[in-house]
Every structure is written in C-alpha cells, then in structure tokens.
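Enquirer: Attaching a single structure in structure tokens format; questions to follow.
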Ligand SMILES: Nc1ncnc2c1ncn2[C@@H]1O[C@H](COP(=O)(O)OP(=O)(O)OP(=O)(O)O)[C@@H](O)[C@H]1O
Ligand SMILES: [Mg+2]
C-alpha cells in the first residue's frame, strides 16, 4: 500500500468511523447513566434510515429536512421505548432490561421487515455526488457531508453536556446516580433526555450511512449496532469522548484491514480489537479503571 | 510470653495520592483479644484488607505464624488460618444461613465437581461432616434455629453474627472482626461480647475493629490506635484511655 | 431461524421435541455459567458451533461413531471455554459479557472462512443420528448432574461467587479455578448440544450460530428464572414452543414474540420461576422466600 492509497483508506475509515461514533454515543450515554446495554439501539438507527428514505421519496423533502425529521421521529421512539420497556425494570436484575431490549429489537426488526420487506432498498440520491481531489486523496460530496454533519452533531452534544442545565444533570447522573437523585435532579427526565439525544444521533447515523452506501435494510441495525457498541466499549463505555475516539479508531482499523486483504475477516476485526483492548485495559481506552473497594 | 501470631512490619498502602496506611508496625500475641481503634477513615478496614490479601501492600511485610502472607491470594491466606468478617456485611444473600456457613468450610474440604456427581460414600461422609460442623458454628452464634432461612432475610444483628459463624467454620487460628457490634442494641452487644470471649477460650486469637469504646475497653487485652493511617498509640485499655495523643485524635474529630 | 421448523414437516412434533431437548442441554450449560455462577456470557452459541462443527466433521470425514463424535465436540467446546475463560474471567460483569460476545462473532467469522467447514455454503451430509430417545437420555443425565451439583460443595461455591465474589474469596474459595471449571462444564454442555443439533438438522451454517442465537439462550434462562433448574426447563420449553403456538398469526409471529419478551420481563423481572430450586421443592423444610430485592444473576 503506498502513501496516497493509505491516506485515502484512512479518510474512508474516518468517514465510516464517524457514523459508528454517532451510534456509539447513544450506547455510551445510556450505559453511563443506567448501566444498560441498549441492544435495541441498532434498530433505532435502522428506523432512522427508513424514515429518511420515506421523507425523501414520499414527501419529496430535501436531505437536511429528512435528516431532521428522522432524528425527531427516533427521539420520540427512543423515549417511548425507555418508558415502556426499560423504566419498569430499573430496580430489577441487570439482565431483565437486557432481555427486554432484545425483545424490542426483535419487534422493531420484524415490524420493519413486515412493512418494507426483507430486501434492501436504495437510498434515493438526493444530492448530486461528485468527487473532489485534495492532494493525494479523493473525497466525495457525501463523505464531506457525513464529516460535517457528524462533527456538528458531536460539537452540539459537547456543548449541551458542558453548558446546558439538562446536559450537566446528565453528567452528574452518570457520575453518581444516587447522589444526583438526592440532590434533586429529576432522574427520569434526565434518562428520557439521554434516550432522546442518543436516538437522534443514531437516526442521523442511519440516514448518512444509507446515503453513503446507497442502501437501507431492516437488518442493517444488527451489525452496525454491534460494531458501534464495540466502539463504545473500546473507547471506554460511559465516556463521550471515548465513544467518538472508539468509533473513529474502529472505522479506520476496519477500512485498513479490508484494504490490507482481510476483507473476509472484516466483521471479526472489530471484535478482535475489542478483546485485545479489554485484556490490557479492562475498561477501554478512555474509561476509568474500576477500583475494587471493600 | 506467648508467641506472636501476626506481625505487621512497616506496612504502607497508597491509593493514588492517599496514604491509607502509613508505616504501621504491629504484633498480635496468640490467644489474646486485640482491638484496633481510630476515627472514621483512619485505615482500620484497610489494614484488615491488607492482612487478608484483598489489597497488596505498597511496601512492608505481613507475617502470619512467621510466614510472609503479602502477595498471596485471599483464599490461600484463609487456608493458612486467617478468617474475617466485613464491616459492610457481605453475606451470600440468596443462600440459606446454613449454606453460608458451609462455604466457610470450603477450604477444609475437598470434593470437586466430579465428586459431587459420583457422590461416593467418602463424599457423603464429608458432606455430613460439613453439615455438622456448620451447625455447630451456628449454635455457637445462636443462629441454629434460623439455619434454613435465606441470609438476606435475617435481621441486622443476626447477619453480623452469621458472618462470624461463617468465618469460624473455616477453622481459623486468627479471626478478624470488622465492627462486629455495629448496629446492635446494648443487649445484643452484651451477648456478642460473651460469644467473643467463648471463641477466645476455644484457642483463637481475635483481632477486632470497633467504634464502641465500652465494648472495646471491656473486651480487649491490648489496643492499638490508628489516625490518618499512622499508629499513634498501643497499650492496655487503661493506658489507651489515658493517652493524650489518643484523646486528641478523638476529640479533634468530634469537635468539628 | 424463524422458518427452521417449517422445513421439516414430517415427524413434525418429534422434530420439535428433539430440538427442545437439544436446546435444554445448551441452556442448562449457560445456566451454570450465568444463572448459578453469575458470569455473563453473550457468546454461548459460539460454543454450540464449535461442538457442532467438531462432531460433524469427525462424523463425516472420519466416520467416527456418533457417541464419540458428540463427546469430542463437547470436549472441544469445553477446551475453548477454558482457553477463553482463562484470560477473560477476571473481567467483571458486563465486560465479560462483551468479551464473550466478541469471541462469538470471531468464531462465526472464522468458521465462515474455513474450508473444512464449507464456509458460507455450509456443511451438509451429516448423518441424522440424534433421535429423540438419545436426546432425552442426555437431557435426563444433564438435569441429574445439575441437581447433584446444586447441593454439593462445588455447587455452593459457584453460588457464593455469584452472590459476592470478594466474600467467597475471603472464605477460601479459589475463584479463578472455580469460575473456569464452571465455564468448562457450561461450554462442554454447549458443545454437546451443538453436536446433537448438527446430527439432527444434518446441515450447519455459521450464520445459525450468531449472537442472536446466544441471546436466545440467555432469554431462555432469564425468562425461566436465572439459576433455577425447573425455571430453565420451563423457560426453554415456553420459548422454543412459543413460535409454534404463534404459528396461527403467521407473519406477525416474531413481532409478537418480541413483544412477549418485553411483557414477560415487565410482569416477572425475575423470570417465571426465579429463585426456585428443585432440591428445595423436594425437601420438607420449606425456606421462606420473602425477599423482594432481586440481587441474583450477573451484576
Ligand atoms: N480501594 C480504595 N481506593 C481508594 N481509597 C480507599 C480504598 N479503600 C480505602 N480507601 C481510603 O482509605 C482511607 C481509610 O479507609 P478505611 O476504610 O480503612 O477506614 P476505616 O478506618 O475502616 O474507617 P471506618 O471507621 O469509617 O470504617 C479512607 O480515606 C478511604 O476512603
Ligand atoms: Mg472500616
């Protein structure tokens, strides 16, 4: 692999990684507060992509409007799912909400298969794609769009968590749930908010990926969800910068792996990295070490 | 002069920037009741965690019957003859009271999973002896009538006693009790005190951490005082009561 | 997976029951790891696939006798269980689950790329030796073994690890070897289950052993009641047979199945028979179960 090809692959990897990061953020924020691996999150991303398709084809909307509509729809969906399927289980065993999440995931996946059929559908090309040459690398309009939208969304998230009241409450709840509740933070609202934000980001990821790969399917949430989850753990689950780092890291590693001739093992790259990282840093790259307190 | 059963030699542990235990020396004589007191956060529980191998010391050495124990795993140390209870009760909540005590016998018995399947006469005999010894430990702590209840359903004071029964089942030579009387009413404390004395007459050495001064002064042969991780005094109950450094350490805290 | 039963219409009920038995063996294995010992595993299907491919290949290529092939499959799965368990069992709670999930996906991709397994085309021509009688016999043997373990020194140490790892260690339980032994037995049973599966369906494809299958097993045991043998039997039966009973709603079957999972968890978060132990049902002394706080399972 020569230098120009390498940088091209890295660019492609960052693009892919940015979408992983968008999904990973939802996993990490939810885990940070209620220690739930929300296995239905990949399905939210899938639904987001379909809402995008619907907006563009049926309602003849532009990309940005469709993106916003998908985000909004998934926000509502994410909050509703939490209300119905997770909230009643908040004080029960750790595995109960997990099983509930798997139930939600099966439901959404089969529902979408029922509505749209199992075949992938093409994402309508709402923008005239073009390739730009910058130095040794080529970048497409869609890639630029993905990078810009993803950065904007992540910057917004950063702003919310840092400066907005509910965002600060989110951080407090993730730091120490019980104390936050004692201090008068309305934990239910914070959790709903977390699901809303996470779902909106996943929906954005879904629309962007649909556009990038020109394909949307009821099953796209499964593998993307798993990989994004890997990214969240790689970065250190519960850590927002960790999810971003993990996503990009995974995207680049996967793209380079495929270019390096491991494309048959593409789906194993993420998990191999994951296990290696966990063995050496049991709480991920940016995760805080667990202290065994007696 | 009786022989030393436990010896801490210049033991230090740091958690990040905090020195929780700072160059502590200590000797516990066999067959005695030794108490360790000190204000909250002084490092008392941490010393127990060091002795039982839950944390490795940053420096220093811990010897049990002359053998170095730091660096060994907790279960090996238990097998050597040190048992303990926990300040924040750590019972096996969903197991019965009897089964909790049976776990204490774990290191004195040997049936593995194959033995469990085959259940030879030898295994059955071992299982019987586990049950008998466990019932004895329960009787000693006056819990035998609760044997079939789930541990998590016991009242607080009984949970503390169950922890002691479980520790006794491992047939220790030294038993570490971390605030055994915490949360008990005066009557329960009185019973507990006589139980501890009885354990002593069985030939065990007792090392306890306790905040209740009356309890400590009544029971202990010798007392060590810890403050901010450092040992500031050691001696008989009478000496400790008169020691100005100890009074200062306690008053200093209470005034705030 | 949804259409799997409908492929075999002849001897339909026998097929379904045999399958149920096979799943039961695997589920009892996972129950030992997750329900009894409290170690989260999201990769159980991988061990089924290791057992399945090992025994199938031995049957096809070496014409090994059925019983030996199944046993070899179980041992191979158990060996991989130990190999994976050794480094990862020191991870706690969810991280162990995640590592096993990763392992499961890696195994699937590796089988997909091996030639001896037939890769994505799958492995066909496995003799159909797993009859209902054989499976039933192994199920009974497994249940018997699990009941014996439940009330033994070894079984108690597993539960102690689940309840409080630090206390168990302080009471003299060697948690590393105990956890690994539990993992070895559990994955061995998964391997046996996988081997039988191969010799029932006669065809293997790596995609049948993805993480979805692992979660299916997890659902069996959680829904039945973690750590409870009758619970595992009930949960596995209900969930294996549910799609059959839901057949009348045809295409909406899996949708309803998903909703049922959510509903059952909300109604009974500890599972149908959470906290029920066979040995206690049969013993005269009944233990009061007034506990409401559910602390069992992986934490
Ligand atoms: N694992 C740990 N990590 C970080 N700090 C710790 C850890 N364990 C103990 N500490 C700190 O060490 C100090 C001593 O704690 P320790 O529990 O030994 O106090 P103690 O004397 O038992 O107090 P108390 O009377 O309240 O039980 C405390 O400041 C505590 O916060
Ligand atoms: Mg303490």
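Residue numbers (the numbering used here), protein chains in the order written: chain P, 101 to 394; chain Y, -3 to 252; chain D, 80 to 378. By construction, the Cβ of each residue, glycine as well, lies at the ideal position given by its N, Cα and C atoms. The structure presented is a predicted model; accordingly, all values stated were derived computationally and were not measured.
(1) What does residue 155 of chain D reach in chain Y if we use C-beta pairs closer than 8 Å?
(2) Just to confirm, are residue 266 of chain D and residue 160 of chain D a CB contact at a threshold of 7 Å?
(3) Please tell me whether, using a cut-off of 6 Å, the distance from the CB of residue 245 of chain Y to the nearest non-hydrogen atom of ligand 1 is below it.
(4) Between residue 300 of chain D and the rest of its own chain, which residues show a CB-CB distance below 7 Å, the 5 nearest in sequence each way excluded?
(5) Would you verify that the beta carbon of residue 95 of chain D is, or is not, closer than 7 Å to some beta carbon of chain Y?
(6) From this set, Y/219, Y/233, Y/102 and Y/206, which residue's C-alpha is nearest residue 36 of chain Y's C-alpha?
(7) Does any residue of chain P bring its CB to less than 7 Å from the CB of residue 309 of chain D?
(8) Classify residue 199 of chain Y as helix, strand or coil using the three-state DSSP reduction.
(9) What three-state label does DSSP hand residue 137 of chain P in the structure shown?
(10) What three-state label does DSSP hand residue 386 of chain P in the structure shown?
(11) So which residues of chain P does residue 298 of chain D contact, with C-beta pairs closer than 9 Å?
(12) Please give me, in chain order, every unbroken run of the alpha helix (DSSP H) with length at least 4 that falls completely inside the region 290 to 331 of chain D.
(13) Could you name the residues of the region 205 to 239 of chain D whose beta carbon sits closer than 7 Å to any beta carbon of chain Y, in the order they occur along the chain?
(14) Under 7 Å Cβ to Cβ from residue 223 of chain Y, same chain only, skipping five residues before and after it: list those, please.
(15) Taking CB distances under 7 Å as the criterion, tell me whether residue 241 of chain Y reaches chain D.
(16) Kindly provide the chain-ordered list of residues whose Cβ lies closer than 7 Å to any non-hydrogen atom of ligand 2.
(17) Go to residue 285 of chain P, then tell me how far its beta strand (DSSP E) extends in each direction, as first and last residue.
(18) Is any heavy atom of ligand 1 found at a distance shorter than 6 Å from the C-beta of residue 249 of chain D?
(19) Under three-state DSSP, which class holds residue 205 of chain Y?
(20) Count the other C-beta atoms from every protein chain shown that fall within 10 angstroms of the C-beta of residue 66 of chain Y, then say buried if there are 16 or more, exposed otherwise.
(21) Over the uninterrupted beta strand (DSSP E) stretch that includes residue 232 of chain P, give me the two end residues.
(22) From the DSSP output, in three-state form, read off residue 24 of chain Y for me.
(23) Would a C-beta distance cut-off of 7 Å place residue 251 of chain D and residue 71 of chain Y closer than the cut-off?
(24) DSSP state of residue 282 of chain D, grouped into three classes?
(25) Could you name the residues of the same chain whose beta carbon sits closer than 7 Å to that of residue 259 of chain D, not counting the 5 residues immediately before and after it, in chain order?
(26) Is there a C-beta anywhere in chain D that falls below 7 Å from the one on residue 90 of chain Y?
(27) State buried or exposed for residue 256 of chain D, treating a residue as buried only when at least 16 other CB atoms are found within 10 Å of its CB.
(28) What residues in the region 91 to 115 of chain Y bring their beta carbon closer than 7 Å to a beta carbon of chain D?
(29) So, at 7 Å on beta carbons, what are the nonlocal neighbours of residue 352 of chain D in its own chain, with the 5 sequence-adjacent residues on each side left out?
(30) Starting from the C-beta of residue 296 of chain P, find all residues in its chain whose C-beta is less than 7 Å away, skip the five residues before and the five after it, and write them out in chain order.
(31) Please indicate yes or no: does the CB of residue 16 of chain Y lie closer than 6 Å to some heavy atom of ligand 1?
(32) Count Cβ pairs between the region 337 to 352 of chain P and the region 248 to 267 of chain P that sit closer than 8 Å; are there 3 or more?
(33) I want to verify the contact list: residues of chain P whose CB lies under 7 Å from the CB of residue 192 of chain D, in sequence order.
(34) Would you report the Cα separation of residue 244 of chain P and residue 161 of chain P, rounded to the nearest angstrom?
(35) Using a beta-carbon distance cut-off of less than 8 Å, what residues from the region 247 to 260 of chain D approach chain Y?
(36) Helix, strand or coil: how does DSSP classify residue 378 of chain P here?
Expert: Once the coordinates are examined:
(1) Those within 8 Å of residue 155 of chain D in chain Y number zero; the least Cβ separation is about 19 Å.
(2) In this structure, residue 160 of chain D lies closer than 7 Å to residue 266 of chain D by Cβ.
(3) Distances from the CB of residue 245 of chain Y to the heavy atoms of ligand 1 are all 6 Å or more.
(4) These residues qualify, in order along the chain: 106, 109, 110, 113, 114, 311 and 314.
(5) Judged by the 7 Å Cβ criterion, residue 95 of chain D is not in contact with chain Y.
(6) Residue Y/206 is the option with its Cα nearest to residue 36 of chain Y.
(7) Between residue 309 of chain D and chain P, the shortest Cβ-Cβ separation is not below 7 Å.
(8) Coil, per DSSP.
(9) If DSSP states are grouped into helix, strand and coil, residue 137 of chain P belongs with coil.
(10) DSSP places residue 386 of chain P in coil when its eight states are reduced to three.
(11) Correct list: 199, 202 and 203.
(12) Counting whole runs of 4 or more residues, the region 290 to 331 of chain D contains the alpha helix (DSSP H) stretches 290 to 303 and 308 to 324.
(13) For the region 205 to 239 of chain D, which is checked against every Cβ of chain Y, the residues closer than 7 Å are 224, 227, 228, 231, 232, 233, 234, 235, 236, 238 and 239.
(14) Excluding residues within five positions, the ones whose Cβ falls inside 7 Å are 34, 35, 38 and 245.
(15) It does not: the Cβ of residue 241 of chain Y has no partner Cβ on chain D nearer than 7 Å.
(16) After applying the 7 Å Cβ criterion, the set is Y/40, Y/41, Y/83, Y/174, Y/175 and Y/205.
(17) That residue, residue 285 of chain P, is in no beta strand (DSSP E); it is neither H nor E in DSSP.
(18) Residue 249 of chain D Cβ: outside cutoff for every heavy atom of ligand 1.
(19) Reduced to three states, the DSSP call for residue 205 of chain Y is strand.
(20) Residue 66 of chain Y comes out buried.
(21) Residues 231 to 234.
(22) When secondary structure is reduced to three states using DSSP, residue 24 of chain Y falls in the strand class.
(23) Result yes, Cβ atoms of residue 251 of chain D and residue 71 of chain Y sit closer than 7 Å.
(24) The three-state reading of DSSP puts residue 282 of chain D in strand, counting E and B together.
(25) 161, 164, 165 and 168.
(26) Answer yes: the Cβ-Cβ gap between residue 90 of chain Y and chain D drops below 7 Å somewhere.
(27) With fewer than 16 other Cβ atoms within 10 Å, it is exposed.
(28) Taking 7 Å as the Cβ-Cβ cut-off against chain D, the residues of the region 91 to 115 of chain Y that qualify are 91, 92, 95, 98, 99, 100, 102, 103, 105, 107, 108, 109, 112, 113 and 115.
(29) Within the same chain, residue 352 of chain D has close Cβ partners 303, 304, 307, 309, 310 and 313.
(30) Cβ neighbours of residue 296 of chain P beyond the five flanking positions: 175, 178 and 179.
(31) Answer for residue 16 of chain Y: yes, Cβ within range of ligand 1.
(32) Contact check between the region 337 to 352 of chain P and the region 248 to 267 of chain P: three or more CB pairs, one atom from each, fall below 8 Å, which counts as touching.
(33) The contacting residues are 364 and 365.
(34) If I take the Cα positions, the gap works out to 20 Å.
(35) When CB distances to chain Y are screened at a threshold of 8 Å, the residues of the region 247 to 260 of chain D falling below it are 247, 248, 249, 250, 251, 252, 253, 254 and 260, in chain order.
(36) Secondary structure of residue 378 of chain P (DSSP, three-state): helix.
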